[in-house]
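Following: one structure in structure tokens, then a few remarks.
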């Protein structure tokens, strides 16, 4: 029964439905992303959160899952958006209508001291991966 439910929920996220907006929220386990996801869910949107939890909080995801337990409303995908294969897989398996991109490596103090350090360029690479995949799919 669980696998049937998983297939059913998966199919809800993988197809467009009239009157239902499916929004991808990257960095949705962070403070801003989780609050954006909460607002979207309260407004009856379908939400997929993608986060690698490097700075986010799994507790925020659990709270959202408890508040919106209905199948087909919310899914969480643990993934690194810097991985092009992972990003392409996410977009190929889901029918997104919009993307709210909050994923970042936000080390403000450190990044101003060493702005060219590769770790601080991650948001740029991630943004390019997400944009290219959204346009492609």
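In the numbering used here, the protein residues as written are 95 to 231. The beta carbon of each residue, even a glycine, is placed where N, CA and C say it ideally should be. If you're wondering where the values come from, they're calculated on a predicted model, not measured in any experiment.
Cβ shell of residue i (< 7 Å), same chain only, five flanking positions each side left out
i, result
"residue 100", "Bear in mind that the predicted position of residue 100 carries a pLDDT of just 45, short of 50, making it unreliable; the figure below should be weighed with that in mind. Once the five neighbours on either side are set aside, residue 100 has no close Cβ partner at all."
"residue 187", "108"
"residue 95", "The predicted model places residue 95 with a pLDDT of 37, which falls under 50 and marks its position as unreliable; any figure quoted below should be read in that light. Correct list: empty, nothing qualifies."
Pair within 7 Å by beta-carbon distance, residue i and residue j
i, j, result
"residue 120", "residue 144", "yes"
"residue 170", "residue 135", "no"
"residue 150", "residue 124", "yes"
"residue 168", "residue 197", "no"
"residue 252", "residue 132", "Given a span of 95 to 231 for the chain in the structure shown, any question on residue 252 remains unanswerable."
CB-CB length for residue i against residue j, believed under 8 Å
i, j, result
"residue 173", "residue 184", "6 Å"
Burial state of residue i, where buried means 16 or more other Cβ atoms lie within 10 Å
i, result
"residue 178", "exposed"
"residue 138", "exposed"
"residue 128", "buried"
"residue 157", "exposed"
Same chain, Cβ closer than 8 Å to residue i, five either side skipped, listed in chain order
i, result
"residue 106", "140, 165 and 166"
"residue 130", "119, 122, 194 and 196"
Beta-carbon contacts of residue i that lie in its chain and below 6 Å, excluding the five residues immediately before and after
i, result
"residue 146", "174"
"residue 126", "196"
"residue 110", "189"
Residue i beta carbon near the ligand MN (any heavy atom closer than 6 Å)
i, result
"residue 124", "Looking at this structure, you won't find the ligand MN or any other ligand, since it has none at all."
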